[in-house]
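Engineer: Quick one: the structure is below, questions incoming.
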Amino acid sequence: MPKSLFIDPEKNFEKREIVLQDIPVCHYNKTVAEEKENFTKEELLGMYEDMVSIREFETMLMTIKQKGNYNDKEFTYPGPAHLAAGQEATAVGEAFSLGVDDLIFGSHRSHHEVIAKGLSAIKKLPDEKLIEIMKSFNDGVNYGIIQKYSGEKTVKEQAEDFFIFGIMSELFAKDCGFSRGLGGSMHAFFLPFGIFPNNAIVGGSGPIATGAALYKKCNKKDGVVVANLGDGSAARGPVFEAMNFAAMQQFTKLWEDGYRGGLPVIFNFSNNHYGMGGQTKGETMAYGDLVRLGCISENQMNAERVNGWNPLAVIDAYRRKIADIKAGNGPVLLDMVTYRFTGHSTSDAMSYRTNEELEAWQQYDPLTVFPKQIVDAGVATQEEVDAIHDKAIDRNKRMFMLASDLEVAPYTDYKKHPDFIEKFMFSNQKVEKMDDRPCEVNHPKEENPRYKKIQTLARYAYDEKGKEIPKLKLYNIRDGLFEAIFDKYYTDPTLISYGEDVRDWGGAFAVYRGLTEALPHHRLFNAPISESAIVGTAVGYGMAGGRAIVELMYCDFIGCAGDEIFNQLAKWQSMSAGGLKMPVVLRVSVGSKYGAQHSQDWTALCAHIPGLKVVFPATPYDAKGLMTAALNGTDPVVFFESQRIYDMGERFVKDGVPKESYEVPFGEPAIRREGKDITILTIGSTLYTAIKAADQLQEKYGISAEIIDARSIVPFNYEKVVESVKKTGRIVLASDACTRGNILNDMAENITQLAFDYLDAPPVVVGAKNWITPAFEFDHEFFPQPEWILDAIHEKILPLPGYTTTQNFTSMELLRKSKLGV
Numbered sequence: 001m002p003k004s005l006f007i008d009p010e011k012n013f014e015k016r017e018i019v020l021q022d023i024p025v026c027h028y029n030k031t032v033a034e035e036k037e038n039f040t041k042e043e044l045l046g047m048y049e050d051m052v053s054i055r056e057f058e059t060m061l062m063t064i065k066q067k068g069n070y071n072d073k074e075f076t077y078p079g080p081a082h083l084a085a086g087q088e089a090t091a092v093g094e095a096f097s098l099g100v101d102d103l104i105f106g107s108h109r110s111h112h113e114v115i116a117k118g119l120s121a122i123k124k125l126p127d128e129k130l131i132e133i134m135k136s137f138n139d140g141v142n143y144g145i146i147q148k149y150s151g152e153k154t155v156k157e158q159a160e161d162f163f164i165f166g167i168m169s170e171l172f173a174k175d176c177g178f179s180r181g182l183g184g185s186m187h188a189f190f191l192p193f194g195i196f197p198n199n200a201i202v203g204g205s206g207p208i209a210t211g212a213a214l215y216k217k218c219n220k221k222d223g224v225v226v227a228n229l230g231d232g233s234a235a236r237g238p239v240f241e242a243m244n245f246a247a248m249q250q251f252t253k254l255w256e257d258g259y260r261g262g263l264p265v266i267f268n269f270s271n272n273h274y275g276m277g278g279q280t281k282g283e284t285m286a287y288g289d290l291v292r293l294g295c296i297s298e299n300q301m302n303a304e305r306v307n308g309w310n311p312l313a314v315i316d317a318y319r320r321k322i323a324d325i326k327a328g329n330g331p332v333l334l335d336m337v338t339y340r341f342t343g344h345s346t347s348d349a350m351s352y353r354t355n356e357e358l359e360a361w362q363q364y365d366p367l368t369v370f371p372k373q374i375v376d377a378g379v380a381t382q383e384e385v386d387a388i389h390d391k392a393i394d395r396n397k398r399m400f401m402l403a404s405d406l407e408v409a410p411y412t413d414y415k416k417h418p419d420f421i422e423k424f425m426f427s428n429q430k431v432e433k434m435d436d437r438p439c440e441v442n443h444p445k446e447e448n449p450r451y452k453k454i455q456t457l458a459r460y461a462y463d464e465k466g467k468e469i470p471k472l473k474l475y476n477i478r479d480g481l482f483e484a485i486f487d488k489y490y491t492d493p494t495l496i497s498y499g500e501d502v503r504d505w506g507g508a509f510a511v512y513r514g515l516t517e518a519l520p521h522h523r524l525f526n527a528p529i530s531e532s533a534i535v536g537t538a539v540g541y542g543m544a545g546g547r548a549i550v551e552l553m554y555c556d557f558i559g560c561a562g563d564e565i566f567n568q569l570a571k572w573q574s575m576s577a578g579g580l581k582m583p584v585v586l587r588v589s590v591g592s593k594y595g596a597q598h599s600q601d602w603t604a605l606c607a608h609i610p611g612l613k614v615v616f617p618a619t620p621y622d623a624k625g626l627m628t629a630a631l632n633g634t635d636p637v638v639f640f641e642s643q644r645i646y647d648m649g650e651r652f653v654k655d656g657v658p659k660e661s662y663e664v665p666f667g668e669p670a671i672r673r674e675g676k677d678i679t680i681l682t683i684g685s686t687l688y689t690a691i692k693a694a695d696q697l698q699e700k701y702g703i704s705a706e707i708i709d710a711r712s713i714v715p716f717n718y719e720k721v722v723e724s725v726k727k728t729g730r731i732v733l734a735s736d737a738c739t740r741g742n743i744l745n746d747m748a749e750n751i752t753q754l755a756f757d758y759l760d761a762p763p764v765v766v767g768a769k770n771w772i773t774p775a776f777e778f779d780h781e782f783f784p785q786p787e788w789i790l791d792a793i794h795e796k797i798l799p800l801p802g803y804t805t806t807q808n809f810t811s812m813e814l815l816r817k818s819k820l821g822v
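Numbers 1 to 822, taken from full-length UniProt numbering, label the letters of the sequence shown in order.
Shown next, in the form of structure tokens:
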């Protein structure tokens, strides 16, 4: 909401027409004979060799899936095989145009792009660098195998064997795979060659590649980023969100000199005319020609439709578009006309298309047309072309024999290493800054108005006489969050923040107020209302080497970014076997007064997904310390905040919240009040509900309650809780999340296992009703109240003399509600 962009009503009501630019469609279609002066013989033969390498690799997979045999060796491959036979020229032309600093992201159908980029990188890298890469990967194990069995003499030939062997081993789930077999066919990648993860979720790479481009832009790193997508992916919302994000006008209108200009990203749609079994143009899509989607932006994303079956046409397009990007005119959309000869997968019988159609396209097969052009142009003889063909096939066969050999390339021994995957789930590292350079800020920390005001606030809620300090003079939870984030901006130059209305407005709940004055646009900016893009780009930003903190205004909006949180943010560290880090903090606020779609606590959803750390501070001390720990770490953190208590002062740390930076370790609950008769474990703002309940228990019934604040949900150390239960013999667990599926149910089960011999009654969970959230006027009817905790204790744990319940916690009521699904 920048004041610098004046919205003029008169101009908005002017009568006019919007004139679109003409979009080039297959303008380039030159032959090798017409271009042979612009390419060397080695380059042209290299393109053909790489196309053959791809085709043979995919032929191998098809043969294995259909016949259980390849190269006269029986072999079973149970994994997925989404083949791109027919799309080789597009991938090779693209890879030819890219350097090692240029990154590619792909889809479930990306063997061709991976192989093309890898073989291209090998051609461009010096021998000493290739040796360094091969020696450093997997402690040199793969390089040792190649040196022993390859038989190749030159470094580049060894590197080609190394690469094909590594990719094959990955597909075959071998320990020698580039992700130790944890990525597989649909997630194959190799970072040293600029090959970033491919994605099993259709269109999933769109936001992630955009985030990697954002990293390059915000950190002035060389290279462009390519999002390799299929035409079917253009139907997915995250792809539209990513293209809009990449083309946001603020990049050219608001960002500072040196950072002004569009994102360096190319959305490369391999348009093979089918989204699984449905035809895109003419059946399942609305665009007619996919290239029209470029009209999403004012400059039409420099969109162009290209003959993807001519590698020279692809190279021509890439050279021009990369020049556009370097001039600051990105992003780019390329509609690459291609075709796949195989079905969606090897189990696809292709009943949706005719043999006549296949035969018509086979007449233009690049693997037939391109080598003929090479010979006809006099670039090479037929014998030389045939030798290149045989060399590529021979390499594939040799590497198959190695990758399929259990002695040479064994599977991971899970019996010997039962924690093999476990150790990759989190990196658990602390990295103060992701790059070593000065931080770009607008002024020194001490000159910031918000920072200066915070220094004057009382950091403990009570004065020396025990009198409560007025809220306006009190350091609160939003101050703790601000201070941790603000400090990090002055230590990590890669840190950026974005979300809905975070700049100028200061975020929906004023946590960021004061950051606008301190930070240039490229470090703090407003994102569109695009939750998938917000989280997905943060994934790419972190994956590429930066640190991001992004915000979803309400916890309920997690559903809008479900894939990006649960399939992307959570999984890439483990799917990369630890090769990637994910220093991303996702802030989400839990509401209470905005109705059914804005007032839900979804901690359980995030805690359920392996690979996410989940925290929920309830005090200013913890808000600052946990946020500092999150921002110093290298793991993805979903950081829950309760709107109920943003104004809450520090009531537990009597020395007050320290002004200097500090960490609160993840996983360690805090004892907020000691007691001997019953334990109450809380998550989030129910800490204060529990305190009120404990006061009543003590005052009216002489029962001493020990209160434990979970603070961290994943990870969670049960030791303090178990020790408390050993003392009290009883426990109630409370949170604002609906009772059914509440993460407290898991905690209760674990506590029962860990402290069964000490429990005098089963643990009881007190949560919100299994309803939609009603209006704020009925807050007390839906969310846990102090009385509910007393009700649960009276009905299920310890009868309270003369107590009258307000809620029914009996077993009969549980049965009744369960039958109704409420």
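Glycine included, every Cβ here is placed at the ideal spot set by N, Cα and C.
Judging by CA-CA distance, which residue of L457, L5 and A323 is the nearest neighbour of K253?
Structural biologist: Closest by alpha carbon: L5.
Engineer: Could you check whether V224 and P264 sit closer than 7 angstroms to each other, using their CB atoms as the reference points?
Structural biologist: Taking 7 angstroms as the Cβ cut-off, P264 and V224 qualify as a contacting pair.
Engineer: For the alpha helix (DSSP H) holding I751, just list the boundary residues, first then last.
Structural biologist: That run of the alpha helix (DSSP H) goes I743 to A755.
Engineer: At which residue ranges does the segment 525 to 567 contain complete beta strand (DSSP E) runs of 3 or more residues, listed in the order of the chain?
Structural biologist: Within the segment 525 to 567, the complete beta strand (DSSP E) runs of at least 3 residues are 548 to 552.
Engineer: If we count the other Cβ atoms within 10 Å of its Cβ and call it buried at 16 or more, is S136 buried or exposed?
Structural biologist: Answer is exposed; the Cβ neighbour count stays below 16.
Engineer: Could you check the C-alpha separation between K593 and S642 for me, to the nearest Å?
Structural biologist: Between K593 and S642, the C-alpha separation is close to 12 angstroms.
Engineer: Ordered along the chain, which non-local residues of its own chain (more than five positions away) have a Cβ less than 8 angstroms from that of T346?
Structural biologist: For T346, where only same-chain residues beyond five positions count, the Cβ hits under 8 angstroms are L61, M62, K65, Q66, A81 and L83.
Engineer: Cutting at 6 angstroms between CB atoms, please list the residues of its own chain near Y143, excluding the five before and the five after it.
Structural biologist: The answer, listed in chain order, is M134 and K135.
Engineer: Check this for me: beta carbons of V155 and L125, under 7 angstroms apart or not?
Structural biologist: No, Cβ-Cβ distance for V155 and L125 is not below 7 angstroms.
Engineer: Here's the rule I'm using: 16 or more other beta-carbon atoms within 10 Å means buried, otherwise exposed. How should I703 be labelled?
Structural biologist: Buried is the call here.
Engineer: Find out if the Cβ-Cβ distance for the pair S576, S179 is shorter than 7 angstroms.
Structural biologist: Their beta carbons are under 7 angstroms apart, which means S576 touches S179 by this criterion.
Engineer: Looking only at its chain, what residues have a beta carbon closer than 8 angstroms to the beta carbon of N448, apart from the 5 residues adjacent to it on each side?
Structural biologist: Result list for N448: F486, G514, E517 and A518, in chain order.
Engineer: What does the alpha-carbon distance come out to for the pair Y489 and P197?
Structural biologist: Their Cα atoms are separated by approximately 28 angstroms.
Engineer: In whole angstroms, give me the CA-to-CA distance for S589 and M553.
Structural biologist: Whole-angstrom Cα-Cα distance: 6 angstroms.
Engineer: Specify, as a first and last residue, the run of the beta strand (DSSP E) that A246 falls within.
Structural biologist: Careful: A246 lies outside any beta strand (DSSP E), inside the alpha helix (DSSP H) at G237 to A246.
Engineer: Going by beta-carbon coordinates alone, are G536 and P207 separated by less than 7 angstroms?
Structural biologist: Result yes, Cβ atoms of G536 and P207 sit closer than 7 angstroms.
Engineer: Does the Cβ of G675 have 16 or more other Cβ atoms within 10 Å, making it buried, or fewer, making it exposed?
Structural biologist: By the neighbour-count rule (16 or more Cβ atoms within 10 Å), G675 is buried.
Engineer: Would you identify the three-state DSSP class for D736, choosing helix, strand or coil?
Structural biologist: D736 falls in the strand class under three-state DSSP.
Engineer: Per the DSSP calculation, M336 is bridged to which residue(s)?
Structural biologist: S270 and V306.
Engineer: Could you pull out every residue in the same chain whose Cβ sits closer than 8 angstroms to the Cβ of C26, ignoring the five residues on either side in sequence?
Structural biologist: Counting only Cβ-Cβ distances below 8 angstroms, and skipping sequence neighbours, we find R305, V306, N307, A313 and V337.
Engineer: I need the DSSP call for E383, collapsed to helix, strand or coil.
Structural biologist: DSSP places E383 in helix when its eight states are reduced to three.
Engineer: What would DSSP say about T346, mapped onto helix, strand or coil?
Structural biologist: The answer is coil: DSSP assigns T346 none of H, G, I, E or B.
Engineer: For my contact list, D501 and A510 are in at a C-beta cut-off of 8 angstroms; report their separation, rounded to the angstrom.
Structural biologist: In fact, because the Cβ distance is near 11 angstroms, the residues do not count as touching under 8 angstroms.
Engineer: So the candidates are D779, T806 and L790; which of them puts its Cα closest to the Cα of A693?
Structural biologist: Considering only alpha carbons, the answer is L790.
Engineer: Taking only the alpha-carbon atoms, compute the straight-line gap between residue 823 and Q250 and give it to the nearest angstrom.
Structural biologist: Since the first residue of the chain shown is 1 and the last is 822, residue 823 is not available in this structure.
Engineer: With a 10 Å radius around its C-beta and 16 neighbouring C-beta atoms as the bar for buried, classify M812 as buried or exposed.
Structural biologist: It is exposed - the Cβ of M812 has fewer than 16 other Cβ atoms within 10 Å.
Engineer: Since I793 contacts T728 with CB under 8 angstroms, what's their CB separation in whole angstroms?
Structural biologist: Not really, about 11 angstroms apart at Cβ, beyond 8 angstroms.
Engineer: How about the segment 43 to 55 and the segment 381 to 389: do they share at least three Cβ pairs that are nearer than 8 angstroms?
Structural biologist: They touch, by the three-pair rule.
Engineer: Does K613 come out as helix, strand or coil in the three-state DSSP assignment?
Structural biologist: DSSP places K613 in strand when its eight states are reduced to three.
Engineer: Hey, how far is the Cα of T491 from the Cα of A242?
Structural biologist: Cα to Cα, the separation comes out at about 29 angstroms.
Engineer: Just the C-alpha distance for I322 and N302, rounded to the nearest angstrom, thanks.
Structural biologist: Answer to the nearest angstrom: the Cα atoms are 11 angstroms apart.
Engineer: Smallest Cα separation from K73: which of G262, R398 and K769?
Structural biologist: Checked all of G262, R398 and K769; the closest Cα to K73 is R398.
Engineer: For A91 and A527, what's the separation of their Cα atoms in angstroms?
Structural biologist: In a straight line, the C-alpha of A91 is about 32 angstroms away from that of A527.
Engineer: Go to P449, then tell me how far its alpha helix (DSSP H) extends in each direction, as first and last residue.
Structural biologist: Per DSSP, P449 belongs to the alpha helix (DSSP H) from P449 to Q455.
Engineer: What residue does the beta strand (DSSP E) around S712 start on, and which one ends it?
Structural biologist: Element bounds for S712: S712 to V714.
Engineer: With contact counted as at least three CB pairs below 8 angstroms, one residue from each stretch, are the segment 653 to 672 and the segment 696 to 716 in contact?
Structural biologist: A contact exists between the segment 653 to 672 and the segment 696 to 716.
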